[in-house]
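Okay, so here's the structure we're looking at.
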Amino acid sequence: MIDACLTIDGRPVGTDETFAVLNPATGAEAGRAPRAGQAELDAAVAAAKRAFPAWSAQDDATLRAACEAVTAKLQEHAEELARVLTLEQGKPLNGLGSRWEMGGAAAWAGYTASLSLPVQVLQDTNEGRVELHRKPLGVVGSITPWNFPVMIAIWHVLPALRTGNTVVLKPSPYTPLATLRMVEILNEVLPAGVLNAVSGDDAGFNIGAAMSSHPDIAKIVFTGSIGTGRHVMRSAAETLKRLTLELGGNDAGIVLPDADPAKIAEGLFWGAFINNGQTCAAMKRLYVHDSIHDAVCEALVAYARAIPVGDGLDEASALGPVQNRMQFDKVARLVADAAGRGKVLCGGAPGDGLFFPPTIVAGLTNGDPLVDEEQFGPALPVIRYSDVEEAIAAANDSPNGLGGSVWSSDIDAAKAVAKRMECGSVWINKHGAIQPNAPFGGIKSSGLGVEFAEDGLKEYTSAQVIFS
Ligand code: NAD
Numbered sequence: 002m003i004d005a006c007l008t009i010d011g012r013p014v015g016t017d018e019t020f021a022v023l024n025p026a027t028g029a030e031a032g033r034a035p036r037a038g039q040a041e042l043d044a045a046v047a048a049a050k051r052a053f054p055a056w057s058a059q060d061d062a063t064l065r066a067a068c069e070a071v072t073a074k075l076q077e078h079a080e081e082l083a084r085v086l087t088l089e090q091g092k093p094l095n096g097l098g099s100r101w102e103m104g105g106a107a108a109w110a111g112y113t114a115s116l117s118l119p120v121q122v123l124q125d126t127n128e129g130r131v132e133l134h135r136k137p138l139g140v141v142g143s144i145t146p147w148n149f150p151v152m153i154a155i156w157h158v159l160p161a162l163r164t165g166n167t168v169v170l171k172p173s174p175y176t177p178l179a180t181l182r183m184v185e186i187l188n189e190v191l192p193a194g195v196l197n198a199v200s201g202d203d204a205g206f207n208i209g210a211a212m213s214s215h216p217d218i219a220k221i222v223f224t225g226s227i228g229t230g231r232h233v234m235r236s237a238a239e240t241l242k243r244l245t246l247e248l249g250g251n252d253a254g255i256v257l258p259d260a261d262p263a264k265i266a267e268g269l270f271w272g273a274f275i276n277n278g279q280t281c282a283a284m285k286r287l288y289v290h291d292s293i294h295d296a297v298c299e300a301l302v303a304y305a306r307a308i309p310v311g312d313g314l315d316e317a318s319a320l321g322p323v324q325n326r327m328q329f330d331k332v333a334r335l336v337a338d339a340a341g342r343g344k345v346l347c348g349g350a351p352g353d354g355l356f357f358p359p360t361i362v363a364g365l366t367n368g369d370p371l372v373d374e375e376q377f378g379p380a381l382p383v384i385r386y387s388d389v390e391e392a393i394a395a396a397n398d399s400p401n402g403l404g405g406s407v408w409s410s411d412i413d414a415a416k417a418v419a420k421r422m423e424c425g426s427v428w429i430n431k432h433g434a435i436q437p438n439a440p441f442g443g444i445k446s447s448g449l450g451v452e453f454a455e456d457g458l459k460e461y462t463s464a465q466v467i468f469s
């Protein structure tokens with residue numbers, strides 16, 4: 002049993018009321034987290050506000066060194082945090098699971114530490130000198146989801162701290178434990194008040210909503226669903242907060258006729274089923290050319306059938322349970338509906354508890370709910386096409402625009418298709434392979450702004466131009 006605490010002004014803080022966090026593999030309580038109210042939120046925001054003047058006045062080298070110290074702490078505590086993550090999130094320790102997430106968190110932290118936004122001289126002539134400075138915004142509120150709780154928190158926190166902002170972080174009620182523990186650990190190397198964490202279960206007092214309208218928070222960085230993203234935008238309007246919104250996706254993959262089914266099967270599988278499909282930029286619909294449709298399905302199904310699904314603490318598991326009941330029910334509903342419309346090639350029937358086997362359904366088209374909706378779970382619809390123009394149009398016929406992929410032996414042909422896809426990232430012969438040195442973000446309903454690299458860093462600053 003893990004008893005988590007808030008961190009406010011550098012100190013661990015408990016609350017009278019707590020809520021249960023369940024282990025999705027067993028249904029048992031993995032731990033308890035504090036149920037913070039308005040008073041704790043106000044205290045955390047006030048601490049961050051007090052810490053801001055001194056933190057934002059640090060020189061670039063000091064901010065970089067602090068972010069490097071954070072990176073070292075993440076590495077030092079990687080195994081401890083990975084275990085907590087598996088207990089509350091369900092993902093396996095091994096493979097593309099918790100240890101991988103911790104590795105990603107440290108890699109992102111280290112890379113973000115190495116970035117900076119030096120003063121840019123726009124003009125230096127007899128007429129005058131014009132300099133572009135980047136200034137931190139103040140207190141940043143970070144609201145995170147339950148799919149990659151630690152890595153996404155690092156994606157929010159590091160660029161904020163690196164550019165001189167202070168932070169109040171709020172994890173998802175489904176997965177607060179690893180994040181709260183991480184913030185405690187990181188406070189060993191950060192000044193008091195620079196990084197605070199609050200948690201709650203959204204019942205009664207909704208902390209995320211209160212953060213989005215809080216007068217002393219300058220920016221919200223939010224990763225989660227499109228519906229909640231809209232709420233955040235509405236509540237942020239009154240105080241004109243800066244926003245970065247990383248929202249849902251319904252990424253399409255397009256397999257061109259010249260692709261080799263045997264070669265691409267593994268990449269297709271993990272592009273769709275990483276973290277049990279509970280990944281914003283996972284492939285959520287796959288369009289395959291008629292000439293190789295059956296061969297691709299066969300190779301994919303053979304790969305899927307060999308994947309060990311089980312309790313994440315078992316080192317042999319490559320996929321764990323679905324994270325929560327709400328998500329499980331959604332996947333079960335979409336798969337049951339798809340079974341009546343198409344052909345279930347593997348999986349299809351829910352397992353015990355929250356376990357759901359990797360499921361592949363052929364014979365579907367746009368208009369079927371499993372194709373049109375973001376399933377966010379281990380079920381992939383395969384759609385047959387005969388004309389690439391038709392596949393591009395079907396892929397783009399979505400309100401979402403996060404990622405996409407094209408699979409082909411001809412990179413130039415694949416790039417020509419990639420350029421026509423309406424989404425923020427397109428991968429060729431892989432899917433979802435984000436990197437800390439490349440901006441990542443959605444278009445259309447998938448979000449606002451970008452994360453990562455210098456473009457991502459800029460989102461935590463405002464521009465000030467000095468004319469002399
Ligand atoms: P969610 O929107 O239900 O919750 C996200 C966070 O918002 C949680 O911390 C929650 O407590 C908080 N919240 C709830 N109500 C709020 C309110 N009124 N105002 C502010 N915050 C509030 O999302 P989820 O179910 O945790 O995550 C799954 C979704 O996130 C999927 O749609 C997925 O595609 C998306 N996602 C996107 C990315 C990306 O980078 N684009 C990454 C991961 C997940």
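For the sequence shown, this note's numbering begins at 2 and goes up steadily by one.
Every residue gets a Cβ at the ideal spot worked out from N, C-alpha and C, and that includes glycine.
A quick note: this is a predicted structure, and the numbers were derived from the prediction, not measured.
Taking C-beta atoms under 8 angstroms as the contact rule, A392 and Y288 qualify, at a distance of about 4 angstroms.
For E239 and A211, the gap between their C-alpha atoms comes out near 12 angstroms. Per DSSP, the unbroken beta strand (DSSP E) holding I9 starts and ends at 7-9. For R163, the enclosing alpha helix (DSSP H) stretches over residues 150-163. Take I265, set aside five residues on each side of it, and the residues of its chain with a beta-carbon closer than 6 angstroms to its own are W408, in chain order. Not one heavy atom of ligand 1 lies closer than 7 angstroms to the C-beta of A154. Cβ-Cβ separation between L355 and P25: approximately 5 angstroms, consistent with a contact (criterion under 8 angstroms). The beta carbon of V451 sits no closer than 7 angstroms to any heavy atom of ligand 1.
Relative to ligand 1, the beta carbon of V466 is positioned no closer than 7 angstroms to any heavy atom. CA-to-CA, the gap between D295 and D411 works out to about 21 angstroms. Under DSSP, S463 takes part in a beta bridge, and its partners are K136. Going by C-alpha positions, F377 is about 22 angstroms away from V297. Beta-bridge partners of F441 (DSSP): E452. A buried status is given to K92, since no fewer than 16 other beta-carbon atoms sit within 10 Å of its beta-carbon. Annotated as proximal: S292 and P258, with beta-carbon spacing under 8 angstroms. Taking a 10 Å sphere around the C-beta of M327, we find fewer than 16 other C-beta atoms and assign the residue as exposed. For N251, no alpha helix (DSSP H) segment is defined, and its DSSP state is neither H nor E. The region 245-313 is shown to contain whole alpha helix (DSSP H) runs of 4 or more residues at 262-274, 294-306, in chain order. Put simply, the region 174-194 does not touch the region 353-371. Fewer than three CB pairs are less than 8 angstroms apart.
In this structure, the beta-carbon distance from V169 to N197 falls below 8 angstroms. Here the C-alpha atom of E80 lies approximately 55 angstroms from the C-alpha atom of T126. In its chain, beyond the 5 residues on either side, P25, A26, G91, G354, L355, F356 have a beta carbon closer than 7 angstroms to the beta carbon of P322. Where R33 is concerned, the enclosing beta strand (DSSP E) starts and stops at 30-35.
With a cut-off of 8 angstroms on Cβ pairs, the region 148-168 is in contact with the region 104-111, counting three or more such pairs. For G105, the Cβ stays outside the 7 angstroms cut-off from all heavy atoms of ligand 1. The beta carbon of H432 sits no closer than 7 angstroms to any heavy atom of ligand 1. R36 is positioned such that its CB atom lies closer than 8 angstroms to that of D202.
Here the alpha carbons of A5 and S57 stand approximately 29 angstroms from one another. Straight-line spacing of the CA atoms in S173 and L123 works out to 42 angstroms. Here S236 is buried: its Cβ has 16 or more other Cβ atoms, across all protein chains shown, within 10 Å.
Taking 8 angstroms as the cut-off, the Cβ atoms of G249 and I144 do not count as close. With respect to the 8 angstroms criterion, D10 and A70 are not classified as neighbours on the basis of their beta carbons.
For W109, the CB stays at least 7 angstroms from every heavy atom of ligand 1. Checking the DSSP bridge columns, you'll see D125 partnered with R130.
Within its own chain, the residues whose Cβ lies closer than 6 angstroms to the Cβ of L97, once the five positions on either side in sequence are excluded, are I275, listed in chain order.
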